[in-house]
């Protein structure tokens, strides 16, 4: 979004003297259809424009009392209003005051500061997601483009209260009960980079694979295409942090960074 300035020095002064200073951080990139139901609150920054009227471009912050100060019409209550409702009120007041005959007013949210969820980590578009109500985790993930191929199956939900929940991305996708909980304003979601292991030797598809929950050697072999005709279950070993792990069976756990080596049968 392009940064614009007030058209009047008086309006600038009025905002500059207000208890809340305008946010200086760049606005997050969010699709407009996500903001239609967003209810404005204290700290949010909006920009008001009138089509074809370059002199009317105030950028103001919603104050602690829920109002914004606009040129010509003064204080306007913005608390708990959507941009659509506020746009209509501003239009009517500009028209009633005789400032414009039939103004086409647009209200754009420049900075979200009151009702949003933060989504970080290995997702399509990490950042701030404005919300107008409670949403399921799966719905928020859909808004940010889902998880990346490099993302872990483990998703961490941190509540505004500080409570932390560990969820499975694959289970969240089913949308069943506690596996896909509701999130509200102030909550945070984080998808870490997937833990991986490397497997080579006598397997169908050597390569790097994610360490899923309860990953063991048996699952690692299955994930990599199984044993070749020359491969032997008795010659599978793990190299962990440069050290060979001995005395392992196929139920031995596989950890992040492990190298699994599958040897040939002894004839």
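Numbering (the working numbering), first residue to last: 1261 to 1527.
Every residue gets a Cβ at the ideal spot worked out from N, C-alpha and C, and that includes glycine.
As the structure is a prediction and not an experimental result, all values here were calculated from the model.
DSSP-derived helix/strand/coil call for residue i
i            : result
residue 1327 : strand
residue 1504 : strand
residue 1473 : coil
residue 1483 : helix
residue 1374 : coil
residue 1228 : For the chain, the structure presents residues 1261 to 1527; residue 1228 sits outside this window and is missing.
residue 1497 : strand
residue 1408 : coil
residue 1478 : helix
residue 1312 : coil
Exposure label - residue i; buried when at least 16 CB within 10 Å
i            : result
residue 1506 : exposed
residue 1254 : Past the boundaries of the shown model lies residue 1254; the chain is included only from 1261 to 1527, so the question cannot be answered.
residue 1409 : exposed
residue 1340 : exposed
residue 1438 : exposed
residue 1394 : exposed
residue 1403 : buried
residue 1372 : buried
residue 1436 : exposed
residue 1325 : exposed
Supposed contact pair residue j and residue i - C-beta distance, whole angstroms, cut 8 Å
i            : j            : result
residue 1351 : residue 1365 : 4 Å
residue 1370 : residue 1305 : 4 Å
residue 1417 : residue 1447 : 7 Å
residue 1336 : residue 1349 : 6 Å
Residue i - containing beta strand (DSSP E), residue span
i            : result
residue 1412 : 1411-1418
residue 1452 : 1448-1453
residue 1335 : 1334-1337
residue 1524 : 1519-1524
Segment limits, alpha helix (DSSP H) that includes residue i
i            : result
residue 1353 : 1343-1356
residue 1402 : 1397-1403
residue 1430 : 1429-1432
> Just checking, does the segment 1370-1387 make contact with the segment 1448-1456 on the three C-beta pairs under 8 Å criterion?
Replying inline: The segment 1370-1387 vs the segment 1448-1456: in contact.
> Within the chosen definition, does the segment 1399-1408 reach the segment 1355-1364 through at least 3 CB pairs nearer than 8 Å?
Replying inline: no
> Does the pairing of the segment 1481-1491 with the segment 1410-1427 give three or more beta-carbon distances under 8 Å?
Replying inline: With fewer than three CB-CB distances shorter than 8 Å, the segment 1481-1491 does not count as touching the segment 1410-1427.
> If you pair each beta-carbon of the segment 1455-1471 with each one of the segment 1417-1434, do three or more pairs fall below 8 Å?
Replying inline: no
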